[in-house]
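Student: Numbering (this note's numbering), first residue to last: 445 to 679.
1. DSSP three-state label for residue 608, please.
2. Residues in the same chain with beta-carbon distance under 7 Å from residue 546, minus the five sequence neighbours each way, listed in chain order, please.
3. Using the Cα positions of residue 559 and residue 592, report the straight-line distance between them to the nearest angstrom.
4. Answer with buried or exposed for residue 531, where buried requires no fewer than 16 other C-beta atoms within 10 angstroms of its C-beta.
5. Apart from the five residues on each side of it in sequence, which residues of its chain come closer than 6 Å, Cβ to Cβ, to residue 394?
6. Could you give the C-beta distance for residue 489 and residue 462, rounded to a whole number, given that I count them as a contact under 8 Å?
7. Hey, is the region 503-520 in contact with the region 474-492, meaning 3+ C-beta pairs nearer than 8 Å?
8. Report the partner residues of residue 523 according to the DSSP bridge assignment.
9. Could you pull out every unbroken alpha helix (DSSP H) segment of at least 4 residues lying fully inside the region 462-531, listed in chain order?
10. So, is residue 636 buried or exposed, given that buried needs 16 or more other C-beta atoms within 10 angstroms?
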C-alpha cells in the first residue's frame with residue numbers, strides 16, 4: 445500500500461487499536477488512515493458484528509498486503525470497554541492509540557496526533573478533542589468533572605474514545621464492558637498520568653440511536669461516582 449506523501453512524525457513503536465461493531469460502511473477509510481501511519485501494529489477488534497465488518501477487514505488486508513494489520517473477533521458483543529480490553533491484551537507496544545472505526549474523516553495525521561505528545565515524552569495520556577461534541581459531554585461529563593475533579597474540568601472532550609496512552613496507565617481489569625471512557629480517564633489521572641488534549645478538528649461519527657446515548661449516560665455516571673467515592677475512601 446502506498447503511504448501518503450510527507451514525512452511521518454515518528455518511527456518509534458506504538459500500536460493502533462480499532463474497536464468495531466457493525467462498521468462495514470466506514471471501516472475501510474479508517475483502515476487506510478491507520479495504515480498510513482508508522483504504527484508497529486494495527487489491531488481491529490470486531491466486537492460481535494452482525495454485518496460485513498470482519499469481511500471488509502480481511503479483504504482490505506489481502507488487497508493491500510498489510511502485514512501489520514490483525515483482526516480479532518468477539519463471538520458476542522462485549523461493548524466498548526470489552527473491545528479495549530482485548531486490544532490491550534493483543535498488542536505488544538508500550539504506547540497504544542485507540543481510534544473509532546466509524547469515523548468518516550479519519551486521516552493518518554489525526555491518528556498520529558494521539559501518539560505524538562507521548563512519543564515526545566511530554567505526557568502519558570492524550571485525548572482527542574473535536575469541534576462537534578454531544579449533550580452527554582456538555583450536560584453530564586464536564587459538569588461532573590468540574591464539580592468533583594476540577595483539574596480535569598478543562599477537558600473539552602472527556603468522553604472521547606480517541607485516546608493515546610502509555611500502557612502502564614491503562615487498567616483493563618477495571619474497564620467496564622460497555623462504555624468505559626470516563627472510568628479509563630479517571631483511573632489514569634488518579635494513577636498520576638500527565639494528561640493532554642489535542643485538537644483533531646472535525647470528526648464525523650456514525651450517528652447513534654437515542655436509546656444508546658441514554659445507556660451511555662447512565663453507565664458513565666455510575667462509573668464516575670464509583671471511581672470518585674473509591675478515591676475518597678482510600679485517601
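Cβ coordinates follow ideal geometry from the N, Cα and C atoms, glycine included.
Tutor: Taking the coordinates as given:
1. As a first step, residue 608 is located in the chain shown; it is residue number 164 there, counting from the start. Of the three classes helix, strand and coil, the one that applies to residue 608 here is strand, per DSSP.
2. Here residue 546 refers to the residue found at position 102 when the chain shown is read from its first residue. Once the five neighbours on either side are set aside, the close Cβ partners of residue 546 are 467, 470, 649, 650.
3. Residue 559 sits at position 115 when you count from the first residue of the chain shown. Residue 592 sits at position 148 when you count from the first residue of the chain shown. Taking the straight line joining both Cα atoms gives about 28 Å.
4. Residue mapping note: residue 531 aligns to position 87 of the chain shown, counting from 1. With 16 or more Cβ atoms within 10 Å of its Cβ, residue 531 is classed as buried.
5. Coverage of the chain is limited to positions 445 through 679, which leaves residue 394 absent and any answer about it impossible.
6. Stepping through the chain shown from its first residue, residue 489 is reached at position 45. Stepping through the chain shown from its first residue, residue 462 is reached at position 18. That pair is a contact at about 7 Å.
7. Counting Cβ pairs under 8 Å, three or more are found: they touch.
8. Within the chain shown, the letter at position 79 stands for residue 523. Answer is none; residue 523 lacks a bridge partner.
9. Listed in chain order, the complete alpha helix (DSSP H) runs (minimum 4 residues) inside the region 462-531 are 471-479, 497-508.
10. For this step, residue 636 is matched to residue 192 along the chain shown. The residue is exposed, with fewer than 16 neighbouring Cβ atoms inside 10 Å.
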